[in-house]
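Colleague:
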Amino acid sequence: MERSDSSNSFATKDRQSKIRQILSILHKWGVHTLGQLAVLDREQLGGRLGPEVIQMWERANGQSNRVLKLIRPPESFEESFEFENEIEAAEPLLFMLRRATRHPIERNLSRYKRTDPAHRIHG
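Just so we're aligned: the sequence shown equals residues 884 to 1006 in the numbering used here.
1. Using a beta-carbon distance below 8 Å, is Ser947 in contact with chain B?
2. Using 8 Å as the cut-off, can you tell me whether the region 893-905 makes contact with the region 929-944, which would need three or more C-beta pairs spanning the two stretches below that distance?
3. Taking the alpha carbon of Asn944 as the point to measure from, which residue in Gln919, Asp897 and Pro957 has its own alpha carbon closest?
4. Taking the beta carbon of Tyr917 as the centre, do at least 16 other beta carbons fall within 10 Å, making it buried, or is it exposed?
5. Report the option in Ala894, Arg925, Leu951 and Lys952 whose CA atom is closest to the CA atom of Met939.
6. Tell me which residues share the same chain as Arg955 and place their Cβ nearer than 8 Å to its Cβ, disregarding the 5 neighbours each side in the sequence.
7. Please report how far the alpha carbon of Leu976 lies from the alpha carbon of Glu969, in whole angstroms.
8. Figure out for me which residue from Arg931, Ser907, Val922 and Ile908 has the closest Cα to the Cα of Glu941.
9. Under 8 Å Cβ to Cβ from Val914, same chain only, skipping five residues before and after it: list those, please.
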């Protein structure tokens, strides 16, 4: 697996280097925006700068989609309660824990979400 990781890393660095070279050439030509790139002839660009610039041109013209993976941050729920007096028995604490955990669990159930077992508190 180390070979594939290192070869992927090399391929990524090589591609980034090619893109930097293309951008440098485009800037020398006076092309500084996507709009300026989009109006250039696709075939002539590809012939002069290679297939990478064709992909860039297609993106600039809305002809290619680079799908991004949607990552939602984990939701967090926080409840707090302060007791007026010292707790002398477990029952008041258990009562408050059950009450505090009921609300986030009900919110998850109402959204048909699975609660991570590591975060569940059973009462």
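For every residue, glycine included, the Cβ atom is placed at its ideal position computed from N, Cα and C.
As the structure is a computational prediction, the values presented were derived from the model and not from experiment.
Modeller: Well, looking at it:
1. Among the protein chains of the structure shown there is no chain B, as only one such chain exists.
2. Yes, since at least three Cβ pairs between the region 893-905 and the region 929-944 fall closer than 8 Å, the two stretches touch.
3. The candidate whose alpha carbon is nearest that of Asn944 is Gln919.
4. Reading off the sequence, residue 917 comes out as Leu, not Tyr. Exposed, because fewer than 16 other Cβ atoms sit within 10 Å of the Cβ of Leu917.
5. Arg925
6. none
7. 11 Å
8. The option with the nearest alpha carbon to Glu941 is Val922.
9. Beyond the five residues adjoining it in sequence on each side, Val914 comes within less than 8 Å, by CB distance, of Leu920 and Leu923 in the same chain, given in chain order.
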